[in-house]
Amino acid sequence: MLKVRNLHARVAGREILRGIDLSMNHGEVHAIMGPNGSGKSTLARVLSGHPEYEVTEGEVLFEGENLLEMEPEERARAGVFMAFQYPVEIPGVNNAYFLKAALNTMRKHRGEEELDAMEFMTLVRDRMKQLDMDEALLSRPVNEGFSGGEKKRNEIFQMAVLEPKLGVLDETDSGLDIDALRVVAHGVNTMRNADRSFLVVTHYQRLLNYIVPDVVHVLTDGRIIRSGGKELALELEDKGYGWLEEPVGLK
Amino acid sequence: MTTSTETIEQLATREYKHGFYTDVEQETIPRGLSEDVVRMISAKKDEPEWLLEWRLQAYRVWLTMREPSWGNIKYGPIDYQNIIYYAAPKQKKTLSSLDEVDPEIRRTFEKLGISLEEQKILSGVAVDAVFDSVSVATTFKEKLAGLGIIFCSFSEAVQNHPALVRKYLGTVVPYSDNFFATLNSAVFSDGSFAYIPKGVRCPMELSTYFRINAKETGQFERTLIIAEEGSYVSYLEGCTAPMRDENQLHAAVVELVALDNATIKYSTVQNWYPGDKDGKGGIYNFVTKRGKCQGVNSKITWTQVETGSAITWKYPGCILQGDNSIGEFYSVATTNNWQQADTGTKMIHLGKNTKSTIVSKGISAGHGQNTYRGLVKIAKGAKRAHNYSQCDSLLIGDKCGAHTFPYLEIKNSTARVEHEASTSKIGEDQIFYCRQRGLSSEDAVNMIVSGFCREVFRQLPMEFAVEAQKLLSISLEGSVG
Numbered sequence: 001m002l003k004v005r006n007l008h009a010r011v012a013g014r015e016i017l018r019g020i021d022l023s024m025n026h027g028e029v030h031a032i033m034g035p036n037g038s039g040k041s042t043l044a045r046v047l048s049g050h051p052e053y054e055v056t057e058g059e060v061l062f063e064g065e066n067l068l069e070m071e072p073e074e075r076a077r078a079g080v081f082m083a084f085q086y087p088v089e090i091p092g093v094n095n096a097y098f099l100k101a102a103l104n105t106m107r108k109h110r111g112e113e114e115l116d117a118m119e120f121m122t123l124v125r126d127r128m129k130q131l132d133m134d135e136a137l138l139s140r141p142v143n144e145g146f147s148g149g150e151k152k153r154n155e156i157f158q159m160a161v162l163e164p165k166l167g168v169l170d171e172t173d174s175g176l177d178i179d180a181l182r183v184v185a186h187g188v189n190t191m192r193n194a195d196r197s198f199l200v201v202t203h204y205q206r207l208l209n210y211i212v213p214d215v216v217h218v219l220t221d222g223r224i225i226r227s228g229g230k231e232l233a234l235e236l237e238d239k240g241y242g243w244l245e246e247p248v249g250l251k
Numbered sequence: 001m002t003t004s005t006e007t008i009e010q011l012a013t014r015e016y017k018h019g020f021y022t023d024v025e026q027e028t029i030p031r032g033l034s035e036d037v038v039r040m041i042s043a044k045k046d047e048p049e050w051l052l053e054w055r056l057q058a059y060r061v062w063l064t065m066r067e068p069s070w071g072n073i074k075y076g077p078i079d080y081q082n083i084i085y086y087a088a089p090k091q092k093k094t095l096s097s098l099d100e101v102d103p104e105i106r107r108t109f110e111k112l113g114i115s116l117e118e119q120k121i122l123s124g125v126a127v128d129a130v131f132d133s134v135s136v137a138t139t140f141k142e143k144l145a146g147l148g149i150i151f152c153s154f155s156e157a158v159q160n161h162p163a164l165v166r167k168y169l170g171t172v173v174p175y176s177d178n179f180f181a182t183l184n185s186a187v188f189s190d191g192s193f194a195y196i197p198k199g200v201r202c203p204m205e206l207s208t209y210f211r212i213n214a215k216e217t218g219q220f221e222r223t224l225i226i227a228e229e230g231s232y233v234s235y236l237e238g239c240t241a242p243m244r245d246e247n248q249l250h251a252a253v254v255e256l257v258a259l260d261n262a263t264i265k266y267s268t269v270q271n272w273y274p275g276d277k278d279g280k281g282g283i284y285n286f287v288t289k290r291g292k293c294q295g296v297n298s299k300i301t302w303t304q305v306e307t308g309s310a311i312t313w314k315y316p317g318c319i320l321q322g323d324n325s326i327g328e329f330y331s332v333a334t335t336n337n338w339q340q341a342d343t344g345t346k347m348i349h350l351g352k353n354t355k356s357t358i359v360s361k362g363i364s365a366g367h368g369q370n371t372y373r374g375l376v377k378i379a380k381g382a383k384r385a386h387n388y389s390q391c392d393s394l395l396i397g398d399k400c401g402a403h404t405f406p407y408l409e410i411k412n413s414t415a416r417v418e419h420e421a422s423t424s425k426i427g428e429d430q431i432f433y434c435r436q437r438g439l440s441s442e443d444a445v446n447m448i449v450s451g452f453c454r455e456v457f458r459q460l461p462m463e464f465a466v467e468a469q470k471l472l473s474i475s476l477e478g479s480v481g
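Chains H and X, in that order, give the protein sequences. Numbering of the first sequence is given in this note's numbering, commencing with residue 1 and proceeding in unit increments. Numbering of the second sequence is given in this note's numbering, commencing with residue 1 and proceeding in unit increments.
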């Protein structure tokens, strides 16, 4: 589903990604771990087409299509969803209205009927229950005045409504207490199926207790220096990232 | 993705949608302004002596006045002697039905999407179409007449209802009011007149489409609306103008009078040619609009959506004279490219328990400069007067500006005055967030802008609100990549 080859990218003239190779199959959950500044979030943003990041080399294929040639909204419509590390506030725009516009744009793109207000609300209520969210959030402006936890939950809620093929979670666990973390993880786990994949970017192993990954990649200095099964995350938790940076045979 | 870093800086490249020119024979008078010209205009319109005198008084006062310079707007000098003060499409005979209207003019209306038949059949809106200076077609008159409502061109009102015109003309905006209103008083060409008799609720929205068409013709509209005791009327004004290189001066005057328990809603969507993306051309719009809540419990609501004109200078206000009267002002003003707007309101509280509400939303994009200027004046006798003002500015990009000048004059200690203001910016991060959810940049901007304006749009009649929203998105098109 996703093939990243020798991906180089920079922001504000500084090279952050220095040759990422990554291959994900349908239905897989991959975790990207790494110390601060290693390029984890950059990878997530590059995949979603953030305008501040410039790709200098390499290629990304998503379902066989050249992702890097697509505009951010085209990527979204093709099924790439990013849960933001810092969800953006949009004052004056009602959360439900926003989400309905987004959903119907995607449905239209897929050649499906647009949902009317009633159908939309039925869908939304169901997803809100899953994520234990207060319905009042729907009528509030997008993310405005939301607590940190509410914002993160709102991201997962949007993902649950939009049903992407690939969910990219950019440090969704940061700033969440343990209860909220469980709820968010439950939301993601409910969505897991044979077709849908997730790329979970996280600094801590904690989240991976709840969203159990198939593959764990360790990113340091813009490169993946180690990939392994879910045990790798536990090992990292135990030994820290320094353990991986020293070994022989790796630059 | 390649150009997206400069998205916000990219400016509108879109051509003005309504920029075409209709070839209709025009009857004009020579350039320039003099007592003779004033007399000529009055004579062409076959006006009574008192009205000519009124015009001449205005003209003489105007000669002693100076163009105001306090506005937060910049423009080159206007040569008042280089303006043609009267133009009328040549008509061979009086018209008894729409079929007799010049086909050229009809086609223009159709291009603008305001075909009179359609208006008649579909929307139930009576349209008094002002093409340049003279009304060419009026509809629904009979139905309104059945209720005793008078809705006609100003010139017709002068001919057919001179007593009413004479009684109210200049009672809200006197001929000596200000430079532009005084100029208008001297040379006004035509406009609309509405009179709602006692206790009548006008069953349809009254609307007028204004259009400036004759080349280099200043447009001096004059509108007068009178709502008798216990009556109600909602009036819509919508404007489009063809593309021009020369700047065109527009100085309209609107007067509203609401008697005891009467309500007037006056809604405007203004879409005159704003000039091109380099700031060349566009309409200079210097308007004086004022309503008088003369009777007790009367109410006047101004709602405006200002998207056009190179320069907008207007402060629709309310004189709250009757006890318990209410004045409201809801405004959206957009400036894109090199447009400048200095707009707001004046709420003059004279009566007891008078209330006013001001909601102003300014949107600036490109190099646009948007100024809110508002006066809230509470006179000594206005016990327990209450004003609430809210002024919000939204910036798109970093080359535009938003300015707020609230003036408060309070002479009564029982008054309650609240003022809130905010300035926000549509950021790259907001647009990217929307795009990541599948929405295009334009949709993202439209969504953010209409969210920002919602409180004002809510005040507009339904079909007008839809049109206003469309206009807004057209006028901001290209303000982001």
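Even glycine gets a Cβ: it sits at the ideal position worked out from N, Cα and C. All values reported here derive from a predicted model rather than from experimental measurement.
{"Query": "Under a three-way DSSP split, which group does X:I264 fall into?", "Result": "strand"}
{"Query": "Do the CB positions of H:A253 and H:V188 come within less than 7 Å of each other?", "Result": "Nothing can be reported for residue 253 of chain H, as the shown portion of chain H is limited to 1 through 251."}
{"Query": "Taking a Cβ distance cut-off of 9 Å, strictly less, list which residues of the segment 145–178 of chain H are near chain X, in chain order.", "Result": "Q158, L162"}
{"Query": "Within 10 Å of its beta-carbon, does H:G118 have 16 or more other beta-carbons around it, so buried, or fewer, so exposed?", "Result": "One point to set straight first is that residue 118 of chain H is Met, not Gly, in the sequence displayed. By the neighbour-count rule (16 or more Cβ atoms within 10 Å), H:M118 is not buried but exposed."}
{"Query": "So if DSSP puts X:Q369 in a beta bridge, which residue, or which two residues, is it bridged to?", "Result": "X:Q340, X:G401"}
{"Query": "Thinking X:S364 and X:N387 are a contact (beta carbons under 8 Å), I'd like their distance in whole angstroms, please.", "Result": "Their Cβ separation, rounded to whole angstroms, is 25 Å, which puts X:S364 and X:N387 out of contact at 8 Å."}
{"Query": "How about H:L17 and H:G222: are their beta carbons less than 7 Å apart?", "Result": "yes"}
{"Query": "Could you give the DSSP three-state label for X:N297: helix, strand or coil?", "Result": "coil"}
{"Query": "Which of the three DSSP states, helix, strand or coil, is assigned to X:Q436?", "Result": "helix"}
{"Query": "Specify whether the segment 316–323 of chain X and the segment 453–463 of chain X touch according to this definition: at least 3 beta carbon pairs, one from each stretch, less than 8 Å apart.", "Result": "no"}
{"Query": "Of all the residues that make up the segment 114–126 of chain H, which are near chain X by a beta-carbon distance shorter than 8 Å?", "Result": "none"}
{"Query": "Check for me: the beta strand (DSSP E) holding X:T335 runs from which residue to which?", "Result": "326–335"}
{"Query": "Where does X:V449 land, buried or exposed, given buried means 16+ other C-beta within 10 angstroms?", "Result": "buried"}
{"Query": "In chain order, what residues of the segment 80–96 of chain H put their CB closer than 9 Å to some CB of chain C?", "Result": "No chain C appears in this structure, whose protein chains are H and X."}
{"Query": "Just to make sure I have the definition right: I need the residues of chain X whose C-beta is within less than 8 Å of the C-beta of H:M106. Which are they?", "Result": "G438"}
{"Query": "Please compile the residues from chain H whose C-beta is within a distance smaller than 7 Å of the C-beta of X:S231.", "Result": "The premise fails here: X:S231 is roughly 36 Å from chain H at the closest Cβ pair, so nothing lies under 7 Å."}
{"Query": "Using a Cβ-Cβ cut-off of 7 Å, state whether H:A44 counts as contacting chain X.", "Result": "no"}
{"Query": "Is X:Q321 helix, strand or coil by DSSP?", "Result": "coil"}
{"Query": "Rank X:G308, X:G327, X:A310 by C-alpha distance to the C-alpha of X:P316 and give the top, closest one.", "Result": "X:G327"}
{"Query": "Please check if any C-beta of chain X sits within less than 7 Å of the C-beta of H:P72.", "Result": "yes"}
{"Query": "Could you please give the first and the last residue of the uninterrupted beta strand (DSSP E) stretch that includes H:T220?", "Result": "215–220"}
{"Query": "By the 10 Å Cβ neighbour count, where 16 or more other Cβ atoms means buried, how is X:L476 classified, buried or exposed?", "Result": "buried"}
{"Query": "Identify, in the order they occur along the chain, each residue of the same chain with its Cβ nearer than 6 Å to the Cβ of X:I29, setting aside the five sequence neighbours on each side.", "Result": "M40, Y86"}
{"Query": "Mind pulling the chain H residues with CB within less than 8 Å of X:R435?", "Result": "G49, E71, P72, E73, A76"}
{"Query": "Going along the chain, which unbroken runs of the alpha helix (DSSP H) with 4 or more residues stay wholly within the segment 36–101 of chain H?", "Result": "40–48, 72–78"}
{"Query": "Using a C-beta to C-beta distance shorter than 8 Å, which residues of chain X count as neighbours of H:A12?", "Result": "Simply none; closest approach about 10 Å."}
{"Query": "Am I right that H:V216 and H:M33 are in contact with their C-beta atoms under 8 Å? What's the rounded C-beta distance?", "Result": "6 Å"}
{"Query": "In chain H, which residues lie less than 8 Å from X:R454 when you measure between Cβ atoms?", "Result": "G92"}
{"Query": "On the premise that X:S309 lies in contact with X:N336, defined as a C-beta separation below 8 Å, what is that separation, rounded to the nearest angstrom?", "Result": "At roughly 11 Å, the Cβ-Cβ gap does not stay under 8 Å, so X:N336 and X:S309 are not in contact."}
{"Query": "Hey, X:V376 and X:Y330: beta-carbon distance below 7 Å or not?", "Result": "no"}
{"Query": "Classify X:I396 as buried or exposed, calling it buried when 16 or more other Cβ atoms lie within 10 Å of its own Cβ.", "Result": "buried"}
{"Query": "Anything in chain H within Cβ reach of X:D429, meaning under 7 Å, just list it in chain order.", "Result": "V88"}
{"Query": "Considering only the beta carbon of each residue, do X:I226 and X:Y195 sit closer than 7 Å?", "Result": "yes"}
{"Query": "Consult DSSP for H:G148 and reduce its assignment to one of helix, strand or coil.", "Result": "helix"}
{"Query": "CA-CA distance, H:V11 and H:E57?", "Result": "13 Å"}
{"Query": "Tell me the rounded alpha-carbon separation between X:G71 and X:A181.", "Result": "15 Å"}
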